[in-house]
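Student: Heads up: the first sequence at position 134 corresponds to 133 in numbering that gives the first Met the number 0, and the numbers run straight through without jumps.
Yeah, the Cβ is synthetic: ideal placement off N, Cα and C, and Gly gets one too.
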Amino acid sequence: MPELPEVEVTRLSFADRIAGAKILAAQMGKPLRWPFDAESGVKPSEIVGRCVLTVRRRGKYLLLDLSDGLLLVHLGMSGRLVFSSDAVPPAGKHDHFDLKTSRGLLRLHDPRRFGAVVYAESESAPIAQKLLGKLGVEPFGEAFTQDYFYRAIHQRKSPIKQVLLSGQPVVGVGNIYASEALFHAGLRPETLASRISRARADRLHAAILQVLQNALDLGGSTLRDFANAHGEDGHFQLQAAVYDRTGLPCHMCQTPIKTIRQGQRSTFYCATCQRP
DNA sequence: CACGGATCCTGATGGC
DNA sequence: TGCCATCAGGATCCGT
0 MPELPEVEVT RLSFADRIAG AKILAAQMGK PLRWPFDAES GVKPSEIVGR
50 CVLTVRRRGK YLLLDLSDGL LLVHLGMSGR LVFSSDAVPP AGKHDHFDLK
100 TSRGLLRLHD PRRFGAVVYA ESESAPIAQK LLGKLGVEPF GEAFTQDYFY
150 RAIHQRKSPI KQVLLSGQPV VGVGNIYASE ALFHAGLRPE TLASRISRAR
200 ADRLHAAILQ VLQNALDLGG STLRDFANAH GEDGHFQLQA AVYDRTGLPC
250 HMCQTPIKTI RQGQRSTFYC ATCQRP
């Protein structure tokens with residue numbers, strides 16, 4: 000479910016409220032993508048008594064810095080975090096991680112269980128490096144320049160849509176925003192990344208930033224079940240230009256939006272507004 | 001090494 | 001109603 004905007008919206012919705020909280024209990028439910036103690040050997044109960052200092056984001060991961068060590072949290076496809084200071088109902092069928100703190104309960108709800116909560120001693124620990132080490136640059140970071148982007152995609156032989164999804168040149172762009180960015184850049188998703196001109200790469204670079212920023216401003220996309228940690232929906236989906244609009248008229252030219260399959264994922268585009 | 005495909009899991013939806 | 005196939009916001013692993 001969550002791409003960069005949704006992860007960042009989630010982070011912003013509870014980071015300040017949990018900062019400084021003391022951990023009173025930590026419990027895992029059903030297994031997630033990786034065990035909590037993968038490579039570290041540290042069990043949930045061992046972080047009791049530590050404090051949550053800050054909540055950062057790297058790509059689609061949330062990093063909870065503890066007074067000792069950190070937690071890497073990933074929402075996968077269907078994950079959602081809820082943070083509440085009020086009385087909270089007992090863990091349900093799809094609640095797979097509870098972090099009880101002095102400021103409230105942080106709970107991971109994740110029906111498909113592609114998400115993860117993993118402990119690492121530090122960002123340089125093997126497990127942290129395994130998960131974060133190969134990520135591309137942050138779209139809103141200084142390293143994401145037009146030069147960098149053009150050179151990076153110029154070396155890639157795959158269709159540009161797949162390159163955006165790979166998290167390689169740049170992190171945070173998932174299935175919704177890849178289609179949206181390509182629409183705003185007027186680029187066909189099947190276009191081989193290596194064949195994109197500098198001028199069009201620049202347009203795509205700008206489109207990625209614009210689409211992600213716009214989604215952030217709107218609180219993310221709520222297609223099925225996304226909500227921030229307060230339980231509030233996002234509104235980006237209401238203005239998606241192509242995503243999930245198969246057969247509906249393009250807002251720019253009225254041509255029906257097309258869907259294709261790329262690497263087991265749906266891609267949406269306008270065959271008139273977007274050129275190879 | 002870069003690429004494409006299979007894969008993890010549960011639930012919603014649509015056709016018959 | 002039931003059954004089956006397909007699809008869903010991710011990303012790793014494995015074979016080529």
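Have a look at Gly185, Leu208, Gly48 and flag the residue whose alpha-carbon is nearest the alpha-carbon of Cys272.
Tutor: The shortest C-alpha separation from Cys272 is found at Gly185.
Student: Is the separation between the beta-carbon of Leu164 and that of Val172 shorter than 8 Å?
Tutor: Yes, Cβ-Cβ distance for Leu164 and Val172 is below 8 Å.
Student: Considering only the beta carbon of each residue, do Tyr60 and Leu131 sit closer than 8 Å?
Tutor: Contact: yes.
Student: Ser84 to Trp33, Cα distance in whole Å?
Tutor: Rounded to whole angstroms, Ser84 to Trp33 spans 28 Å at the Cα level.
Student: Which residue marks the beginning of the alpha helix (DSSP H) containing Ser178, and which one marks its end?
Tutor: Counting along the chain, the alpha helix (DSSP H) containing Ser178 begins and ends at 174 to 184.
Student: Kindly identify the DSSP beta-bridge partner or partners of Thr245.
Tutor: DSSP, once it has assigned bridges, lists Ile256 as partnering Thr245.
Student: Return the residue from the list Glu179, Leu237, Arg194, Gln253 that minimises the CA-CA distance to Ser157.
Tutor: Closest option to Ser157, Cα to Cα, is Arg194.
Student: With a threshold of 16 other CB atoms inside 10 Å of the CB of His229, please say whether the residue is buried or exposed.
Tutor: Result: exposed.
Student: Determine which residues share a DSSP beta bridge with Gln128 and list them.
Tutor: Beta-bridge pairing links Gln128 to no other residue.
Student: According to DSSP, simplified to helix, strand and coil, what is Lys156?
Tutor: Note: Lys156 maps to coil in three-state DSSP.
Student: Please go through the stretch 68 to 104 and give each complete alpha helix (DSSP H) segment of 4 or more residues, from N-terminal end onward.
Tutor: As far as the stretch 68 to 104 is concerned, it has no whole alpha helix (DSSP H) run of at least 4 residues.
Student: In three-state DSSP terms, what is Thr9?
Tutor: In the structure shown, Thr9 sits in a helix (DSSP, three-state: H, G or I).
Student: Cβ of Val54 within 8 Å of Cβ of Thr100?
Tutor: No, they are not a contact pair.
Student: Mind reading off the beta-carbon distance from Thr245 to Thr258? Whole number of angstroms is fine, and I expect it under 8 Å.
Tutor: Confirmed, about 5 Å.
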